[in-house]
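What the sequence shown shows, in the numbering used here, is residues 35 to 298, in sequence order.
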Amino acid sequence: MSTMLLMGLLWIGAARADVVVLMHGYQSSVSAWSETGIDRELARSGWRFGGRLFDSRGTVALDGPGAEGYENSFYTVSLPQESMLWTQTDFLAAYLTTLRAWHPKEQLILVGHSAGGVVARLYMVRHPEVPIRALITIASPHLGSDAAEVAGFVGRTPLAMMAPMVGLGTLNRSQGLYHDLSADRPDSVLYWLNRQPHPVAQYISVVRRSGDLLIAERSQDMRNVPMLQNRARSVQSGEGHGLQVSDGPLLVRLIKDLSQRQLI
35 MSTMLLMGLL WIGAARADVV VLMHGYQSSV SAWSETGIDR ELARSGWRFG GRLFDSRGTV
95 ALDGPGAEGY ENSFYTVSLP QESMLWTQTD FLAAYLTTLR AWHPKEQLIL VGHSAGGVVA
155 RLYMVRHPEV PIRALITIAS PHLGSDAAEV AGFVGRTPLA MMAPMVGLGT LNRSQGLYHD
215 LSADRPDSVL YWLNRQPHPV AQYISVVRRS GDLLIAERSQ DMRNVPMLQN RARSVQSGEG
275 HGLQVSDGPL LVRLIKDLSQ RQLI
């Protein structure tokens, strides 16, 4: 029996509290979780809000009351959303190291919207020694994004010079991220990531039913990731790309359902 599988079986038998970590996506921020009421839905279901983790001159800082000593808690984290995936993963690693120090006995549940879901999965692959109970992604581009391809192309044309003049400076600042989130091809980060061993955890994709003009339905589904085909599951919910009010009750239900399923 492999070490990772043994760890997974031990987690199943142990009744522990959980820490949920909410990660926003590109062109978004931690406020997306409150604007859609997802944080309030978690609070109504008995989860204690610990606050927002952010980087303060290279040091992890907390804006909030903290939640040490509470059975179940959740935090939001602020990611440099225009940066490349590797950089965002480094920020996430610092945040999770801090949370593990504050909550040494709790299990981590990572929830990522859009690019935040890919950042979380990249972290898990880079740090397989860190026990993660589950990864839940919402409208995340696991196989890449056509929109990122187009934005990357535009950034290599003379139009990029005009972007800051019309309030689209992010087009130039995000070129590295666009490359990372382009199609799953041999020279891409996603191609490498999707073919690496993934640690023991539950992998759940929330896939938009329709109306997502940024990420194709197939790309949102982790069952299409080569290394997760028989390990991930998918739930269809909502329309469009952004976080929605309906994501709150769904997230609560998915988290409650984790204890009924086996880690693989």
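Backbone N, C-alpha and C fix where the C-beta goes; we use that ideal spot for every residue, glycine too.
Model, not experiment: these values are computed from the prediction.
Under 8 Å by Cβ, that's how I've got residue i and residue j pegged, so tell me the actual separation to the nearest angstrom.
i	j	result
L126	V153	6 Å
Q230	V159	5 Å
G178	S253	6 Å
L227	R155	7 Å
D218	Y225	5 Å
I143	I289	6 Å
G59	S148	3 Å
N106	A181	Going by Cβ atoms, the distance from N106 to A181 rounds to 36 Å, so no, they are not a contact pair.
Q122	Q61	Rounded, the Cβ-Cβ distance is 13 Å, inconsistent with contact.
V241	E251	6 Å
Determine whether the beta carbon atoms of residue i and residue j lie at a separation below 8 Å.
i	j	result
V64	S112	yes
S271	L292	no
D255	G274	no
L76	V53	no
V259	H176	yes
I249	R267	no
A235	R167	yes
L262	L119	no
Q294	T70	no
S216	S222	yes
P233	P162	yes
V94	A66	no
Could you give the residue range of the beta strand (DSSP E) that holds residue i?
i	result
R33	Examination of residue 33 is not possible in this model, given that the chain is present from 35 through 298 alone.
L142	141–147
The alpha helix (DSSP H) spanning residue i covers which residue range?
i	result
L285	281–291
Problem - Continuous alpha helix (DSSP H) assignments of at least 4 residues falling wholly in the region 207–279 - result: 209–214, 223–227, 251–254
Handout entry: Contiguous beta strand (DSSP E) assignments of at least 3 residues, all confined to the region 52–119
Key = DSSP runs (the beta strand (DSSP E)) wholly in the region 52–119: 52–57, 82–90, 93–97, 106–111.
Handout entry: Sufficient close CB pairs (3 or more, under 8 Å) joining the region 172–181 to the region 78–91
Key = Verdict: no, contact absent.
Practice task
Spell out a yes or no on whether the region 102–118 and the region 85–92 are touching, meaning 3 or more CB-CB pairs, one atom from each, closer than 8 Å.
Solution key: yes
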